[in-house]
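Protein chains in written order, with this note's numbering: chain D, 30 to 288; chain A, 15 to 219.
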Amino acid sequence: MGRLSWRLATVAEVRPETGRVVTLALEVPGWDGHLPGQHVDVRLTAEDGYQAERAYSIGSAPDGSRGGPGDRQGGPPVSRIELTVERLEDGEVSPYLAGELRAGDQLELRGPVGGYFVWEPDRGGPLLLVAGGSGVVPLMAMLRQRAAAGSEVPARLLYSSRTFEDVIFREELERLEAAGDGLTVSHALTRAQPAGWAGYARRIDAAMLEEVGWRPGERPLAYVCGPTRLVEVVAGHLVALGHDPSRVRTERFGPTGVP
Amino acid sequence: MGGFVSRGFKGRRRAADDQATRLPPGQYAERGFPVLTAGPTPRIDLADWRLKIEGLVATPQEWTWEELQALPGSEFEGDIHCVTRWSKLGTSFAGVSVDTLLEAAEPLPAASHVVAFCYGGYTTNLPLDDLQGGKAWVVWQHEGDPLPAEHGGPARLLVPHLYFWKSAKWLAGLRLLDHDAPGFWESLGYHNRGDPWREERYWGD
Numbered sequence: 030m031g032r033l034s035w036r037l038a039t040v041a042e043v044r045p046e047t048g049r050v051v052t053l054a055l056e057v058p059g060w061d062g063h064l065p066g067q068h069v070d071v072r073l074t075a076e077d078g079y080q081a082e083r084a085y086s087i088g089s090a091p092d093g094s095r096g097g098p099g100d101r102q103g104g105p106p107v108s109r110i111e112l113t114v115e116r117l118e119d120g121e122v123s124p125y126l127a128g129e130l131r132a133g134d135q136l137e138l139r140g141p142v143g144g145y146f147v148w149e150p151d152r153g154g155p156l157l158l159v160a161g162g163s164g165v166v167p168l169m170a171m172l173r174q175r176a177a178a179g180s181e182v183p184a185r186l187l188y189s190s191r192t193f194e195d196v197i198f199r200e201e202l203e204r205l206e207a208a209g210d211g212l213t214v215s216h217a218l219t220r221a222q223p224a225g226w227a228g229y230a231r232r233i234d235a236a237m238l239e240e241v242g243w244r245p246g247e248r249p250l251a252y253v254c255g256p257t258r259l260v261e262v263v264a265g266h267l268v269a270l271g272h273d274p275s276r277v278r279t280e281r282f283g284p285t286g287v288p
Numbered sequence: 015m016g017g018f019v020s021r022g023f024k025g026r027r028r029a030a031d032d033q034a035t036r037l038p039p040g041q042y043a044e045r046g047f048p049v050l051t052a053g054p055t056p057r058i059d060l061a062d063w064r065l066k067i068e069g070l071v072a073t074p075q076e077w078t079w080e081e082l083q084a085l086p087g088s089e090f091e092g093d094i095h096c097v098t099r100w101s102k103l104g105t106s107f108a109g110v111s112v113d114t115l116l117e118a119a120e121p122l123p124a125a126s127h128v129v130a131f132c133y134g135g136y137t138t139n140l141p142l143d144d145l146q147g148g149k150a151w152v153v154w155q156h157e158g159d160p161l162p163a164e165h166g167g168p169a170r171l172l173v174p175h176l177y178f179w180k181s182a183k184w185l186a187g188l189r190l191l192d193h194d195a196p197g198f199w200e201s202l203g204y205h206n207r208g209d210p211w212r213e214e215r216y217w218g219d
């Protein structure tokens with residue numbers, strides 16, 4: 030495998046998702062495709078040459094035209110990827126990506142990176158996806174690919190957000206669930222809930238995982254992504270409930286928000 | 015891609031001069047100690063805990079927790095660098111030098127590489143040279159406190175001159191080989207050696 034070289038992407042669209050989260054649609058000439066769950070490295074360069082690099086998960090599904098079960102023979106190579114970025118007030122790169130960038134700007138990136146926290150429909154299931162905040166982004170790539178491929182691998186998403194307004198991809202998740210192809214979505218709102226809220230109103234705990242998740246005997250493939258504390262707690266509960274640790278994959282965002 | 019400038023980007027985390035020379039390319043200084051792991055944190059009972067040295071050695075070794083603590087101690091104070099771009103400057107760990115462990119096991123002349131294997135199944139590979147000569151430790155204290163489980167406790171490998179995924183958490187042992195055998199991340203796109211000063215992050219870097 031050759032070196033992952035830096036590419037110059039062009040911002041095609043900036044789409045607000047929530048008050049603190051935007052999606053950047055990027056045109057990346059020569060993009061070779063990716064697996065759901067992978068990320069890219071982004072590099073910013075100031076006029077004096079100072080550089081800052083961070084990693085961001087890809088939220089879009091791969092194009093499927095590069096071989097594999099979803100191969101679309103003769104289809105055009107898809108050169109667009111989407112990054113969904115949460116603006117961290119004490120961050121250095123995210124306030125630029127989710128505040129300064131606009132359509133037409135250029136951005137250096139390289140990737141895709143990461144070969145473990147990935148899922149494709151042919152890896153089977155059932156799938157248990159657990160997200161905290163912007164940790165939903167790589168899981169969304171998996172769900173989008175699942176839908177695009179017409180997969181009916183049973184999937185359950187348990188997604189913790191602070192408030193209703195902080196739920197990223199809320200309407201799209203509703204549509205995906207309404208398709209009736211075996212996906213269920215459960216939300217937990219930890220800080221405030223709208224009137225009549227029927228979902229969970231607390232942090233994810235063992236009881237919730239038992240209600241929402243699969244039984245250990247069903248041998249789900251679990252993907253857990255979010256802040257370190259949430260991932261640590263959820264992965265620990267899953268193992269304590271009897272799930273096989275080798276089928277629990279985690280991606281943690283440290284104190285700086287860097288995955 | 016020389017000459018590219020990100021419109022409107024100024025950068026806020028420029029390191030102070032005394033830090034700048036200690037930061038490898040593409041890294042930034044982080045005050046915290048982020049946790050990055052591919053799976054659940056293993057919980058290991060110290061009564062069952064063992065550390066092994068096996069493979070191409072004259073006398074394979076196995077230490078209990080108490081036996082390891084009784085070995086001559088060694089401390090590291092300096093900088094660590096994670097491939098996800100944070101560096102932690104001026105931190106400290108305490109444990110035992112890998113040199114002490116290897117002296118007990120007596121590597122055979124054919125031994126050239128090492129696979130570190132861990133509770134939970136993680137592995138990472140290193141040239142034997144990277145573990146010898148005062149460059150590597152097995153540690154169970156961080157800045158004076160017991161090493162927390164999420165940071166690799168009871169004990170982790172510490173190889174601070176390489177990216178931190180080489181400093182395997184929940185260490186169970188070292189296997190000496192006469193050939194290289196890529197470990198977990200090394201099989202999944204990350205660089206085989208991982209020298210932060212050469213910015214060896216991924217395959218082909």
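In this text, a Cβ means the ideal position worked out from N, Cα and C, and glycines have one as well.
None of these values were measured; they are calculated from a predicted model.
Start and end of the beta strand (DSSP E) containing residue i?
i: Q135(D); result: 135–142
i: V50(D); result: 50–56
i: A186(A); result: 185–191
i: L200(D); result: Sequence check: residue 200(D) is Glu here, not Leu. Counting along the chain, E200(D) falls outside any beta strand (DSSP E), though it belongs to the alpha helix (DSSP H) covering 199–207.
i: Q80(D); result: 80–86
i: D31(A); result: Not the beta strand (DSSP E): D31(A) falls in the alpha helix (DSSP H), residues 31–34.
i: I110(D); result: 109–115
i: Y188(D); result: 184–190
i: L2(D); result: Residue 2(D) cannot be examined here, being either before or after the span of chain D that is shown, 30 to 288.
i: V196(D); result: V196(D) -> no beta strand (DSSP E), and no H or E assigned at all.
i: V19(A); result: Unbroken run through V19(A): none, as it is neither H nor E.
i: H68(D); result: 68–74
Using the three-state DSSP reduction, which class does residue i fall into: helix, strand or coil?
i: F90(A); result: strand
i: D143(A); result: helix
i: R231(D); result: coil
i: F47(A); result: coil
i: V71(A); result: strand
i: A217(D); result: strand
i: Y216(A); result: strand
i: P160(A); result: strand
i: D151(D); result: helix
i: Y42(A); result: strand
i: L238(D); result: helix
i: G59(D); result: coil
i: S123(D); result: helix
i: W100(A); result: strand
Give me whichever residues DSSP pairs with residue i in a beta bridge.
i: V262(D); result: In DSSP, V262(D) forms no bridge with anything.
i: E42(D); result: A54(D)
i: G109(A); result: S88(A), V153(A)
i: G166(A); result: G166(A) is not bridged to any residue.
i: K66(A); result: E76(A), G187(A)
i: C254(D); result: A160(D), E280(D)
i: H127(A); result: P141(A), L191(A)
i: Y204(A); result: Y216(A)
i: R36(D); result: L138(D)
Taking the alpha helix (DSSP H) that residue i belongs to, which residues open and close that run?
i: T114(A); result: 112–119
i: A177(D); result: 165–177
i: L270(D); result: Run containing L270(D): none; DSSP gives neither H nor E here.
i: L82(A); result: 79–83
i: Q222(D); result: Unbroken run through Q222(D): none, as it is neither H nor E.
Can you give the Cα-Cα distance for residue i and residue j, rounded to whole angstroms?
i: L270(D); j: A150(A); result: 37 Å
i: E80(A); j: P121(A); result: 24 Å
i: H216(D); j: L250(D); result: 19 Å
i: E82(D); j: H165(A); result: 24 Å
i: P98(D); j: A41(D); result: For P98(D), the pLDDT reaches just 37, beneath the cut-off of 50, and the residue's location in the model is therefore unreliable, leaving the point undetermined.
i: E200(D); j: S189(D); result: 15 Å
i: I87(D); j: V165(D); result: 11 Å
i: P56(A); j: K183(A); result: 10 Å
i: Q332(D); j: L130(D); result: Any answer about residue 332(D) is impossible in this case: the structure gives chain D only from 30 up to 288.
i: D31(A); j: T74(D); result: 19 Å
i: G134(A); j: K180(A); result: 15 Å
i: Q33(A); j: Q222(D); result: 45 Å
i: D134(D); j: E213(A); result: 27 Å
i: Y125(D); j: F23(A); result: 7 Å
i: G78(D); j: Y229(D); result: 48 Å
i: L185(A); j: L85(A); result: 17 Å
i: W148(D); j: W243(D); result: 18 Å
i: A84(D); j: V182(D); result: 29 Å
Inset, instruction - Could you say if the region 124–138 of chain A and the region 184–194 of chain A meet the contact criterion of at least three C-beta pairs nearer than 8 Å? - result: yes
Inset, instruction - Count the C-beta pairs between the region 131–145 of chain D and the region 70–78 of chain D that are closer than 8 Å, then say yes if the count reaches three, no if not. - result: yes
Legend entry - Inter-stretch contact (C-beta, 8 Å, three-pair minimum) for the region 23–41 of chain A and the region 93–108 of chain A: yes
Inset, instruction - Decide yes or no for the touch test of the region 168–176 of chain A against the region 44–56 of chain A: beta carbon pairs closer than 8 Å, at least 3 of them. - result: no
Inset, instruction - Report yes or no: do the region 157–164 of chain D and the region 249–269 of chain D share at least 3 C-beta pairs separated by less than 8 Å? - result: yes
Inset, instruction - Determine contact between the region 198–213 of chain A and the region 73–87 of chain A, defined as no fewer than three beta-carbon pairs at a distance below 8 Å. - result: no
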